[in-house]
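Visitor: Sharing a structure here in structure tokens format.
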Amino acid sequence: MTDQRSQAEIVRESLKVRYRKERRFRLYGMAAIAVALLSLLILFTDIVGKGYTGFIKTTITLDVSLDGEAMYLEDARDKDQLSMADFQAPIISALQEYFPEATGRKDVRELKRLVGSYAGNRVRNLLTEQPELLGTTQTMTFLVHDTVSVYVKHAGSDAYSIRLSEQQQRWVDELVEKGVVETAFNDVFFSRGDSREPSNAGVLGAIVGSLFTMVVTIAIAFPVGVAAAVYLEEFAPQNKLTDFIEVNINNLAAVPSIIFGLLGLAVFIGLFGMPRSVPVVGGLVLALMTLPTIIISSRAAIKSVPPSIREAAEGMGASKMQVVLHHVVPLAMPGMMTGSIIGMAQALGETAPLLLIGMVAFIVEIPDGFFSSATVLPVQIYLWASSAEQGFVELASAGIMILLTFMITMNAMAIWLRKRLERRW
Amino acid sequence: MNTMNTTATRDVAVEEQEQKTQPVEDPRPEQAELEEGKTVGVPYVDDPKFRLRDVEVFYGESRAIKKISLDIAKNEVIAFIGPSGCGKSTFLRCLNRMNDSIDICSVKGSLELDGDDIYNSKRDVVELRARVGMVFQKPNPFPKSIYDNVAYGPRIHGLANRKSDLDEIVENSLRKAGLWDEVKDRLDATATGMSGGQQQRLCIARAIAVSPEVVLMDEPCSALDPIATAKVEELIAELSESYTIVIVTHSMQQAARVSHRTAYFHLGHLVEVNDTNKVFTSPEHEMTESYITGRFG
Chain F
1 MTDQRSQAEI
11 VRESLKVRYR
21 KERRFRLYGM
31 AAIAVALLSL
41 LILFTDIVGK
51 GYTGFIKTTI
61 TLDVSLDGEA
71 MYLEDARDKD
81 QLSMADFQAP
91 IISALQEYFP
101 EATGRKDVRE
111 LKRLVGSYAG
121 NRVRNLLTEQ
131 PELLGTTQTM
141 TFLVHDTVSV
151 YVKHAGSDAY
161 SIRLSEQQQR
171 WVDELVEKGV
181 VETAFNDVFF
191 SRGDSREPSN
201 AGVLGAIVGS
211 LFTMVVTIAI
221 AFPVGVAAAV
231 YLEEFAPQNK
241 LTDFIEVNIN
251 NLAAVPSIIF
261 GLLGLAVFIG
271 LFGMPRSVPV
281 VGGLVLALMT
291 LPTIIISSRA
301 AIKSVPPSIR
311 EAAEGMGASK
321 MQVVLHHVVP
331 LAMPGMMTGS
341 IIGMAQALGE
351 TAPLLLIGMV
361 AFIVEIPDGF
371 FSSATVLPVQ
381 IYLWASSAEQ
391 GFVELASAGI
401 MILLTFMITM
411 NAMAIWLRKR
421 LERRW
Chain G
1 MNTMNTTATR
11 DVAVEEQEQK
21 TQPVEDPRPE
31 QAELEEGKTV
41 GVPYVDDPKF
51 RLRDVEVFYG
61 ESRAIKKISL
71 DIAKNEVIAF
81 IGPSGCGKST
91 FLRCLNRMND
101 SIDICSVKGS
111 LELDGDDIYN
121 SKRDVVELRA
131 RVGMVFQKPN
141 PFPKSIYDNV
151 AYGPRIHGLA
161 NRKSDLDEIV
171 ENSLRKAGLW
181 DEVKDRLDAT
191 ATGMSGGQQQ
201 RLCIARAIAV
211 SPEVVLMDEP
221 CSALDPIATA
231 KVEELIAELS
241 ESYTIVIVTH
251 SMQQAARVSH
261 RTAYFHLGHL
271 VEVNDTNKVF
281 TSPEHEMTES
291 YITGRFG
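Written out as structure tokens, the structure is:
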């Protein structure tokens, strides 16, 4: 009797220790998740904090008097005169309306630097298209100079004002007060390619480039990967060669991506003479890089098809082909697609191999095909992040947000597909 | 335990547990008495559907079936019984070459269906399986609609060219399987949503949709409850009018209820084949008697 009681007590004692251990273990897990979440939060705060201004543009609206005399332009239909004319002049006079005291050489130069350098082009384009407007006064909206834009967006912060003179700062403050300088949603960012001037640079070129590259990647990697997985899993004989191929596929999945870039440079560009900087080559390289991921996940998906389904089909007299095409592949499809989307998301964020095949060039035009020079989102971010101007830094953060949005969308799609198409048996 | 007097259907699991509570004798000493290829009772019949002689099955080096000879008559229900691992399922799967997909498995001996060699290398396994259908231990409907499950066989074998023909085949098969009234309003519903018993009857309907000559059943009721088991057994009795049925079962009552002849397997040997009544009332071999009276199993 005493023995039994003491045993019960021993058990109770050990239970206490066990519970304590369990609690501690759970705490470790929670701490790990907290650390992960915190890092994520810091990352997002940093990116959003730096990048949200990338989605804002700063404009200046001026009544521009298109005075022929000031521009040295008598006839806007004359091409020679158009190419010689001074289109900055009417903009400066419009600004001088607000600041009549600014007449000196230095003052004019500082006034000039308030407005983006493409403002003159806008005036020229307007007059080229509608020459009859010469001599009239037009209300036009221009992008302000990058330094002004950064100053306005970060009003009150000293770090962003050092590139403007005190006089310029005073002018800008006054223009903002009068509502001449305004901020608005940055549609330029979503509708243009890269530019030398941050306020004029957009991410659309990189998005389109990424799109073309991804189309090539998926068009090659998905069918090839699935076919390889089906063959290896269903038809390949069990021998040394198959084992060798298997080991190498697993090895390929671990090869650093820059190696694939070197391969692309040597084979596609060097050997086959394909052009540099084009989505086709980028897509091919990324397809090679994604293949192992797709093959491995597809094989896992095929393996998870229950053998009873296979047996049922075989028992009905289905041939090997029919078993695979009617049952195994459709049942494995959700898993294959999930793996492929995750592989695609990886490829979308890949920079290193693309640097080597020349997709790192400065490209202003939005690519219009698989063989036109292009850059991709991560490379664009890399280019912007390594630029000196304040404006490019915020664009880089904005670009990261765009890239992350695409990736989260793709991963969410993978999860949705898996949930949606998953069958129970 | 006198299993013969029990008429109520019982769950296999329960039965197995009861068998385990019986004092188990080591069957090994008796194994020495088994002579290879020697079967007591009536293994041979006139004009058989299957003529099987000296069948041996190897898994790699080990011999799972040791020189079994047996005839299976037309339109008979023959039950294979025996302890786990005795080779009865392996033997059954030889009859439509389901063992082909296992790489290390090889079959020797002469196996003939209506006088034609089953394992002839020229023989198309697809044609064989269209004639010899199979129902598995676990219900394994395709994760498709009920209709598509039944229509699968006729479709891949090209048995129906028109939709109306296919509809007719599906309806007839489901009727024969006693499932038509339960599912006629939801043929498009997915088959995996049915109950276990319904799924197994669907698998039977799927097997008979291609009008096979023989239906092999590998413990078709082991995953079913007693009510579903009773339904499947009724179905077997009805099907025996038009098909030859070979059924592997762990339930001796089931063998007694549904079969005409019973074959007792032990460690790869076919010990005894006799009329079911005779096997369960006065078995000729002492090991058969030991097994059916539950002295080992």
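As given, the protein sequences belong to chains F and G, one line each in that order. Read left to right, the first sequence gives residues 1 to 425 (full-length UniProt numbering). Read left to right, the second sequence gives residues 1 to 297 (full-length UniProt numbering). All residues carry an ideal CB built from backbone N, CA and C; glycine is no exception.
Taking a Cβ distance cut-off of 8 Å, strictly less, list which residues of the stretch 146 to 177 of chain G are near chain F, in chain order.
Guide: Here the close residues are 152, 153, 156 and 157.
Visitor: For residue 309 of chain F and chain G, any beta-carbon pair shorter than 9 Å?
Guide: Answer yes: the Cβ-Cβ gap between residue 309 of chain F and chain G drops below 9 Å somewhere.
Visitor: Between the stretch 101 to 108 of chain G and the stretch 50 to 58 of chain G, do at least 3 Cβ pairs fall closer than 8 Å?
Guide: Yes, since at least three Cβ pairs between the stretch 101 to 108 of chain G and the stretch 50 to 58 of chain G fall closer than 8 Å, the two stretches touch.
Visitor: For chain G, find out if any of its Cβ atoms is closer than 9 Å to the Cβ of residue 316 of chain F; answer yes or no.
Guide: For residue 316 of chain F, the answer is yes, since a Cβ of chain G falls inside 9 Å of its Cβ.
Visitor: For residue 128 of chain G, would you say it is in contact with chain F, using Cβ-to-Cβ distances shorter than 9 Å as the test?
Guide: Yes, contact with chain F.
Visitor: Using a C-beta to C-beta distance shorter than 7 Å, which residues of chain G count as neighbours of residue 319 of chain F?
Guide: Ordered by position in chain G, the residues that pass the 7 Å Cβ test against residue 319 of chain F are 126.
Visitor: Can you look up residue 190 of chain G in the DSSP assignment and give me helix, strand or coil?
Guide: Three-state result, residue 190 of chain G: strand.
Visitor: Report the neighbours of residue 201 of chain G on chain F: residues whose CB is nearer than 8 Å to its CB, in chain order.
Guide: Under the 8 Å cutoff, chain F gives no residues; its nearest Cβ is about 14 Å from residue 201 of chain G.
Visitor: Please state whether the Cβ-Cβ distance between residue 64 of chain F and residue 94 of chain F is less than 9 Å.
Guide: Yes, the pair counts as a contact, with Cβ atoms nearer than the cut-off.
Visitor: Taking buried to mean at least 16 other C-beta atoms within 10 Å of its own C-beta, is residue 32 of chain G buried or exposed?
Guide: Only weak support exists for where residue 32 of chain G lies, its pLDDT of 48 falling under 50; the value from the coordinates is given anyway. The residue in question, residue 32 of chain G, is exposed, as its Cβ has fewer than 16 Cβ neighbours within 10 Å.
Visitor: Should residue 218 of chain G and residue 196 of chain G be called a contact, given that it needs their Cβ atoms to be closer than 9 Å?
Guide: No; because the gap between Cβ atoms is not below 9 Å, this pair is not in contact.
Visitor: Answer yes or no: do residue 197 of chain F and residue 399 of chain F have a C-beta to C-beta separation smaller than 9 Å?
Guide: It is not a contact, given that the beta carbons lie outside the stated cut-off.
Visitor: Quick one: grab the DSSP three-state call for residue 97 of chain F.
Guide: In this structure, residue 97 of chain F counts as helix in the three-state DSSP scheme.
Visitor: Is DSSP giving residue 138 of chain F helix, strand or coil here?
Guide: Residue 138 of chain F: strand per DSSP, three-state reduction.
Visitor: Once the 5 residues before and after residue 169 of chain G are set aside, which same chain residues still bring their CB inside 8 Å of it?
Guide: So the list reads 150, 151, 154, 159, 160 and 209, once near-sequence residues are dropped.
Visitor: DSSP state of residue 33 of chain F, grouped into three classes?
Guide: Three-state DSSP puts residue 33 of chain F in a helix.
Visitor: On the three-state DSSP scale, how would you describe residue 149 of chain F?
Guide: In the structure shown, residue 149 of chain F sits in a helix (DSSP, three-state: H, G or I).
Visitor: Within the 9 Å Cβ cut-off, does residue 331 of chain F reach chain G?
Guide: Yes, because at least one Cβ of chain G sits closer than 9 Å to the Cβ of residue 331 of chain F.
Visitor: Going by Cα to Cα distance, which pick from F:116, F:179, F:306 and F:367 is closest to residue 212 of chain F?
Guide: The option with the nearest alpha carbon to residue 212 of chain F is F:367.
Visitor: Using a Cβ cut-off of 9 Å (strictly closer), state whether residue 327 of chain F contacts chain G.
Guide: Closer than 9 Å to some Cβ of chain G, the Cβ of residue 327 of chain F qualifies, so yes.
Visitor: Going by DSSP, name the residue or residues bridged to residue 182 of chain F.
Guide: Looking at the DSSP assignment, residue 182 of chain F forms a beta bridge with F:59.
Visitor: Kindly give me the distance between the Cβ atoms of residue 66 of chain F and residue 128 of chain F, rounded to whole angstroms, as I take these residues to be in contact under 8 Å.
Guide: Between residue 128 of chain F and residue 66 of chain F the Cβ distance is about 12 Å, and since that is not below 8 Å, they are no contact.
Visitor: So what's residue 71 of chain G in DSSP terms, helix, strand or just coil?
Guide: Strand.
Visitor: Can you confirm whether residue 91 of chain G, when its beta carbon is compared against all beta carbons of chain F, has any partner nearer than 9 Å?
Guide: Cβ-Cβ to chain F under 9 Å: no for residue 91 of chain G.
Visitor: Quick one, are the C-beta atoms of residue 356 of chain F and residue 286 of chain F less than 9 Å apart?
Guide: Their beta carbons are not under 9 Å apart, which means residue 356 of chain F does not touch residue 286 of chain F by this criterion.
Visitor: Using 8 Å for Cβ pairs, my map puts residue 142 of chain F next to residue 119 of chain F. What's the rounded Cβ distance?
Guide: Correct: roughly 4 Å between the Cβ atoms.
Visitor: Note down, in chain order, each residue of its chain lying with its Cβ closer than 7 Å to the Cβ of residue 42 of chain G, except the 5 sequence neighbours on either side.
Guide: Same-chain partners within the cutoff: 273 and 274.
Visitor: How would you label residue 430 of chain F, buried or exposed, when you count the other beta carbons within 10 angstroms and need 16 or more for buried?
Guide: Since the first residue shown for chain F is 1 and the last is 425, residue 430 of chain F is missing from the structure and cannot be characterised.
Visitor: Does residue 133 of chain G have its Cβ less than 9 Å from a Cβ in chain F?
Guide: Residue 133 of chain G counts as touching chain F.
Visitor: Within the chosen definition, does the stretch 330 to 349 of chain F reach the stretch 214 to 226 of chain F through at least 3 CB pairs nearer than 8 Å?
Guide: Counting Cβ pairs under 8 Å, three or more are found: they touch.
Visitor: Using a Cβ-Cβ cut-off of 9 Å, state whether residue 220 of chain G counts as contacting chain F.
Guide: So no, residue 220 of chain G is outside the interface.
Visitor: Three Cβ pairs or more, each shorter than 8 Å: is that satisfied between the stretch 34 to 48 of chain F and the stretch 164 to 181 of chain F?
Guide: Cβ pair count under 8 Å is below three, so no.
Visitor: Roughly how many whole angstroms lie between the Cα atoms of residue 19 of chain F and residue 5 of chain F?
Guide: Cα to Cα, the separation comes out at about 21 Å.
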